[in-house]
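Protein chains in written order, with my numbering: chain A, 1 to 172; chain B, 173 to 398; chain C, 399 to 623. Using N, Cα and C, we set each Cβ at its ideal position, and we do this for glycine too. The structure displayed is predicted, hence computed values, not measured ones.
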Amino acid sequence: MLSGLQNPRQAAAQLLNFGLILSTAFMMWKGLSVFADSPSPIVVVLSGSMEPAFQRGDLLFLWNRNILSETDVGEVVVYNVRDKEIPIVHRVVRKFGTGAHARLLTKGDNNAADDTELYARGQDYLERKDIIGSVFAYIPFVGYVTIMLSEHPWLKTVMLGIMGLLVVLQRE
Amino acid sequence: MYNSLTRIQNVFGFFTTVAFVVAALIAASDFTAPRTPSATIKPTNVQVVKGRPHYYSTKKEEYAIIKFSLNADFSSLFTWNTKQLFVYVTAEWPAAPGAGNSANQTNKAVIWDSIITSPSADHLSNLGPASLKKLRKSAAGKTIDPSRGKLSLKNQKPKYQITHPSGKIASTDDVTLRVHYNVQPWVGVLTWNQDSDLGLWKKMADGVSAAFALPALKKKEGEKAR
Amino acid sequence: MASQERIAVHNLADLKNTSDDAIPNYLNSLKFKQDHRLIDTRLALGYSAFAVAAACFAWDYKLGFDATKYYTAAAVALYALLNGVLTFWISFVEKGVVYQGVAPDGTKISIATSTKKNVPIYNVKITVTPKNGSPPETIELARSFTEWFDVQGHFIARPFQSVFATAVPLIAKADPKRAQSSAPVPDFLNADADVLDAIAASQSTTTSTGAEATPAGKKSKRRKA
C-alpha cells in the first residue's frame with residue numbers, strides 16, 4: 001500500500017526537524033566564530049583570577065579582529081598556552097614592539113604576579129597568534145550552566161536525552 | 173507531557189526572553205550617561221637600577237622605578253551599571269633607534285593599577301575583612317558612589333618595575349606616563365578611555381605626562397633593592 | 399482505521415497532526431495516487447543543509463578552526479541559503495498542503511490544512527483540478543476537532559472521513575458509503591456539564607469494546623444531546 005511509503009517520509013521529516021535544530025545551533029556558533037574570527041567567540045570564566053570584574057560562570061564575548069588598532073595594553077584577552085588545554089582570561093600589562101611578533105605579557109587583575117609562570121616552559125611572552133580574542137562584552141552568571149555540566153557530566157546525558165525525546169515525540 | 177513539560181519550556185523561554193531584553197536595556201542605558209573623565213599625571217622620581225625585578229627572575233637586568241603624582245576625576249564613570257573601574261598608568265617609550273626594525277615600534281608597560289569597585293560590587297573585592305568593612309562603610313546606604321572616582325596620589329610608588337626584553341632600559345628618552353581606565357559593567361560592553369569624543373562620552377581631559385628621560389644606571393640602589 | 403493511540407486533547411498540534419496523517423491514509427485507501435513531490439523537495443533541502451553542517455563539523459573537528467575558516471565561512475553562507483530556501487518552500491509553496499494526489503479518474507486534488515492558535519477548529523482547503531482542463535475548484539471547510547476526537551483523545555475515522563466525503567464530490571464518488579447528506583454536528587463547546595459527563599461515560603464503556611463499533615453507538619447518544 002502507498003501509506004507504507006508515506007511513513008518513512010514522515011519519519012524522515014521528524015528526524016530532520018531534530019537534525020535541523022542541532023545543525024542550526026552549530027552553524028550559528030560557527031557563523032559567530034567566522035564573524036569574530038575567533039575559534040571560540042563566547043567563553044565562560046572558569047577561575048577567579050580576574051575578580052571582581054569576572055567571576056566563575058560569567059559569559060564573555062570575544063572579538064579577534066584588529067580592524068582599528070592592534071591588541072594593546074589594558075585589553076582583557078583570552079589566550080591559549082602551548083600544550084595546555086584550557087584558555088586563560090587575563091589583562092595585557094606589557095607590550096614590546098608592534099605587529100604580529102610584538103611581545104605581550106599578561107596578568108590577572110586579582111593575581112599578585114604576572115603570568116610568566118603560566119606560560120609554556122621557556123616562554124616569556126605571548127605573541128598575537130596565541131590570543132583567541134579580546135573581551136568586548138559581558139553577561140554575568142549565564143555560563144554557570146556549562147560549569148555545572150562539565151563538573152557533573154551525567155547532567156549532559158540527561159539533558160540531551162530529554163531534548164531528543166521532546167523533539168522526536170512532539171511535532172510542531 | 174504536553175501539559176507539564178511544554179508549559180515549563182514555555183515559561184522558561186519567556187523568562188529568558190524577558191531577562192535578555194532587560195539586560196539589553198540596562199546595557200544600552202550606559203550610552204545615556206555622560207562621561208567627562210579628567211586626569212593629570214607627572215613623574216616625581218625616576219630611578220634605574222640593576223637587579224632581579226621579579227622573584228622568579230633568573231638574571232639581573234635593568235629596571236626602572238617611576239614614582240608619580242596623579243590627580244584624577246573619574247566620578248562620571250560610575251553609574252548604576254558600573255561594576256568596577258580599573259584604572260591603570262602606563263609608561264610608553266619608542267624603540268631605541270636601530271634596535272627595532274621600524275621607527276614606530278613602541279614599548280608600553282603598566283606601572284600602577286587600581287581596582288575601584290562600585291558599592292554594589294564591594295562584596296566581591298579581594299580585601300581583608302578590616303579594609304572591606306571600611307570600604308563598605310564609606311558608601312553605606314549608597315548604590316552609586318561617584319566620590320570613589322576621585323583620585324589624588326602624591327609621589328606614589330609604582331606597583332610594577334618596568335623592564336625591557338633586551339635587559340636594557342637606562343637612559344631611555346621620550347618616556348611618557350599615561351592614565352587609562354576600563355569600565356567593567358554589570359552587563360553590557362566593556363569600555364576603555366577613548367581617543368575622541370563619542371556621543372555623550374568625552375575623551376579624557378589631559379591624562380598624559382610630559383616626555384621625560386630615564387636616568388643612567390644607579391648601581392648602589394640596585395644592591396639595596398635586592 | 400480508527401487509531402488506538404490516545405493523544406492529549408489539549409494539544410492543538412497533536413490534534414492537527416493526527417488529522418493530517420489520516421487524510422493520506424483515507425484517500426490512498428480509495429485508490430488515489432499520492433504525489434510526494436512537495437515533501438520530497440522539503441526533505442532534499444533539509445537534508446542537504448544538514449549535510450553541509452555535518453561536513454563543516456567534521457573538518458572543524460579534524461583540522462581546527464584557523465586552518466578551515468574560509469571553508470567554514472562558505473559553509474555558513476550555504477547553510478543560511480539552504481535554510482532560507484527551505485523556509486520559503488514551507489511558507490510559500492507548501493502553504494500547509496498535506497496531501498497532493500490524483501483520483502482514479504485522473505482528477506487532481508490538493509488538500510491544505512491549518513489551525514489558529516488556541517482555536518480547536520480544523521481549517522481545510524481542498525483544491526480539485528479536473529482532468530479536462532477546466533478551472534480548479536476550491537472547497538473550504540472549518541470543522542471542530544471534537545467531531546472526530548472523543549474526550550479521551552481517540553481519533554475516530556468514520557466521522558472524519560464523512561466530513562471529506564460529504565464536502566467533496568470527488569471523494570463522495572470514490573466512497574459513497576461515507577457521504578452523508580445531513581450529518582448532525584455535535585457542539586461539545588456549548589453542551590452543559592451533565593451532558594458531557596453522560597457522553598464521557600458512554601464513551602469510556604464503548605471505546606474499550608473496539609474502535610469500529612464506537613461511532614455508531616455514539617451517534618445515537620449525540621442525537622439525544
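Problem - residue 480(C): contacting residues in chain F (beta-carbon distance under 9 Å) - result: As a matter of chain content, chain F is missing from the structure shown, whose protein chains are A, B and C.
Practice task
Examine chain C for any beta-carbon lying closer than 8 Å to the beta-carbon of residue 13(A), and answer yes or no.
Solution key: Here residue 13(A) is taken as the residue at index 13 of the first sequence, counted from 1. Judged by the 8 Å Cβ criterion, residue 13(A) is in contact with chain C.
Handout entry: Within 8 Å, strictly: CB atoms of residue 31(A) and residue 474(C)
Key = On the first sequence, residue 31(A) is found 31 positions in, with the first residue counted as 1. On the third sequence, residue 474(C) is found 76 positions in, with the first residue counted as 1. In this structure, residue 31(A) sits near residue 474(C), with a CB-CB distance shorter than 8 Å.
Problem - Close-in-space but distant-in-sequence residues of the same chain around residue 519(C) (CB under 8 Å, 5 per side omitted) - result: As a working mapping, residue 519(C) is identified with position 121 in the third sequence. 513, 540, 541, 542 and 543.
Exercise for the section: Tell me whether residue 557(C) sits in a helix, a strand or coil according to DSSP, three-state version. Expected result: Within the third sequence, numbered from 1, the residue matching residue 557(C) stands at position 159. DSSP places residue 557(C) in the helix class (H, G or I) of the three-state scheme.
Exercise for the section: Thinking residue 158(A) and residue 18(A) are a contact (beta carbons under 8 Å), I'd like their distance in whole angstroms, please. Expected result: Numbered from 1 along the first sequence, position 158 holds the residue referred to as residue 158(A). Numbered from 1 along the first sequence, position 18 holds the residue referred to as residue 18(A). That pair is no contact at about 17 Å.
Practice task
Compile a chain-ordered list of the residues in the segment 70–94 of chain A whose CB is closer than 7 Å to at least one CB of chain C.
Solution key: Under the 7 Å Cβ criterion, the segment 70–94 of chain A contributes no residue.
Handout entry: Within chain B, partners of residue 55(A) - CB distance below 8 Å
Key = In the first sequence, the residue the question calls residue 55(A) occupies position 55. Chain B residues near residue 55(A): 296.
Handout entry: Residues that DSSP places opposite residue 266(B) in a beta bridge
Key = Sequence index remark: in the second sequence, residue 266(B) carries index 94 (1-based). Answer by DSSP bridge pairing, in chain order: 278(B).
Practice task
Taking residue 360(B) as the query, report the chain A residues whose CB atoms sit under 8 Å from its CB, ordered along the chain.
Solution key: Here residue 360(B) refers to the residue found at position 188 when the second sequence is read from its first residue. Chain A residues near residue 360(B): 137 and 138.
Exercise for the section: Take every Cβ of the segment 349–356 of chain B, pair it with every Cβ of the segment 253–261 of chain B, and state whether three or more of those distances are shorter than 8 Å. Expected result: yes
Practice task
Confirm, please, whether the CB-CB distance from residue 386(B) to residue 344(B) is below 8 Å.
Solution key: As a position in the second sequence, residue 344(B) is number 172, starting the count at 1. As a position in the second sequence, residue 386(B) is number 214, starting the count at 1. In contact: residue 344(B) and residue 386(B) (Cβ atoms closer than 8 Å).
Handout entry: Sub-8 Å separation of residue 357(B) and residue 138(A) beta-carbons
Key = Counting from one through the second sequence, the residue named residue 357(B) turns up at place 185. Counting from one through the first sequence, the residue named residue 138(A) turns up at place 138. Yes; because the gap between Cβ atoms is below 8 Å, this pair is in contact.
Problem - Buried or exposed by the 16-neighbour rule on C-beta atoms within 10 Å, applied to residue 206(B) - result: Along the second sequence, one-based indexing puts residue 206(B) at 34. Under this definition residue 206(B) is an exposed residue.
Exercise for the section: Determine the extent of the beta strand (DSSP E) in which residue 214(B) is found, giving its start and end residues. Expected result: The residue given as residue 214(B) occupies position 42 in the second sequence. Looking at the DSSP string, the run of the beta strand (DSSP E) that includes residue 214(B) is 210–223.
Handout entry: Span separating the alpha-carbon of residue 5(A) from that of residue 419(C)
Key = Within the first sequence, numbered from 1, the residue matching residue 5(A) stands at position 5. Within the third sequence, numbered from 1, the residue matching residue 419(C) stands at position 21. Low local confidence applies: a pLDDT of 45 at residue 5(A) is under 50, so the model's placement there is unreliable, with the coordinate-based value given in what follows. About 13 Å.
Problem - Minimum C-alpha distance to residue 224(B) - residue among 216(B), 234(B) and 215(B) - result: Within the second sequence, residue 224(B) is the residue found at index 52, counting from 1. When only C-alpha atoms are compared, the closest one is 234(B).
Practice task
Could you tell me whether the Cβ of residue 441(C) comes closer than 8 Å to any Cβ of chain A?
Solution key: Locating residue 441(C) in the third sequence gives position 43, where the first residue counts as 1. Proximity of residue 441(C) to chain A, defined by a Cβ-Cβ separation below 8 Å, is satisfied.
Handout entry: Cβ-based contacts, 8 Å cut-off: residues of the segment 115–126 of chain A near chain B
Key = 116, 117, 124 and 125
Handout entry: Which of helix, strand or coil DSSP assigns to residue 367(B)
Key = Within the second sequence, numbered from 1, the residue matching residue 367(B) stands at position 195. Note: residue 367(B) maps to coil in three-state DSSP.
Problem - Nearest-angstrom Cα separation, counted from residue 328(B) out to residue 405(B) - result: Outside the displayed span of chain B (173 to 398) sits residue 405(B), for which this structure offers no information.
Exercise for the section: Indicate whether residue 565(C) and residue 502(C) have their beta-carbon atoms separated by less than 8 Å. Expected result: Your numbering for residue 565(C) matches position 167 in the third sequence. Your numbering for residue 502(C) matches position 104 in the third sequence. Not closer than 8 Å, so no.
Problem - residue 136(A) and residue 304(B) closer than 8 Å at C-beta - result: Translated into positions along the first sequence, residue 136(A) becomes position 136. Translated into positions along the second sequence, residue 304(B) becomes position 132. Result no, Cβ atoms of residue 136(A) and residue 304(B) do not sit closer than 8 Å.
Practice task
Answer yes or no: do residue 134(A) and residue 76(A) have a C-beta to C-beta separation smaller than 8 Å?
Solution key: If you number the first sequence from 1, residue 134(A) lands on position 134. If you number the first sequence from 1, residue 76(A) lands on position 76. In contact: residue 134(A) and residue 76(A) (Cβ atoms closer than 8 Å).
Handout entry: residue 364(B) at chain A interface by Cβ criterion, 8 Å
Key = Locating residue 364(B) in the second sequence gives position 192, where the first residue counts as 1. Yes, because at least one Cβ of chain A sits closer than 8 Å to the Cβ of residue 364(B).
Practice task
Note down, in chain order, all residues in the segment 178–209 of chain B with a beta-carbon under 7 Å from any beta-carbon belonging to chain A.
Solution key: 195
Problem - C-alpha gap between residue 302(B) and residue 308(B), whole angstroms - result: Residue 302(B) sits at position 130 when you count from the first residue of the second sequence. Residue 308(B) sits at position 136 when you count from the first residue of the second sequence. The straight-line gap from Cα to Cα measures roughly 10 Å.
Exercise for the section: Have a look at 50(A), 70(A), 62(A) and 130(A) and flag the residue whose alpha-carbon is nearest the alpha-carbon of residue 114(A). Expected result: As a working mapping, residue 114(A) is identified with position 114 in the first sequence. When only C-alpha atoms are compared, the closest one is 50(A).
Problem - Extent of the continuous beta strand (DSSP E) run through residue 63(A) - result: To locate residue 63(A), count along the first sequence from 1; it is residue 63. Run containing residue 63(A): 59–63, per the beta strand (DSSP E) assignment.
Practice task
Can you tell me the Cβ-Cβ gap for residue 91(A) and residue 125(A), rounded? I've got them flagged as a contact below 8 Å.
Solution key: In the first sequence, the residue the question calls residue 91(A) occupies position 91. In the first sequence, the residue the question calls residue 125(A) occupies position 125. In fact, because the Cβ distance is near 15 Å, the residues do not count as touching under 8 Å.
Exercise for the section: On a CA-only basis, which of 466(C), 405(C) and 545(C) is nearest residue 453(C)? Give me that one, please. Expected result: Taking the first residue of the third sequence as 1, we reach residue 453(C) at position 55. With distances taken between Cα atoms, residue 453(C) lies closest to 466(C).
Handout entry: Continuous alpha helix (DSSP H) stretch holding residue 78(A): start and end
Key = Translated into the one-based positions of the first sequence, residue 78(A) becomes position 78. Counting along the chain, residue 78(A) falls outside any alpha helix (DSSP H), though it belongs to the beta strand (DSSP E) covering 76–79.
Problem - First and last residue of the uninterrupted beta strand (DSSP E) at residue 326(B) - result: Here residue 326(B) corresponds to residue number 154 of the second sequence, with the count starting at 1. 322–328 is the extent of the beta strand (DSSP E) around residue 326(B).
Handout entry: Residues that residue 234(B) bridges to, as DSSP identifies them
Key = Residue 234(B) sits at position 62 when you count from the first residue of the second sequence. As DSSP reads the structure, residue 234(B) sits in a beta bridge with 222(B).
Practice task
Can you give me the start and stop residues for the alpha helix (DSSP H) that residue 386(C) sits inside?
Solution key: The structure shown does not extend to residue 386(C), since chain C is modelled only from 399 to 623, so the question has no answer here.
Practice task
Compute the distance between the beta-carbons of residue 216(B) and residue 239(B), then report whether it is under 8 Å.
Solution key: What you label residue 216(B) is simply residue 44 of the second sequence in a count that begins at 1. What you label residue 239(B) is simply residue 67 of the second sequence in a count that begins at 1. A contact, by the Cβ cut-off of 8 Å.
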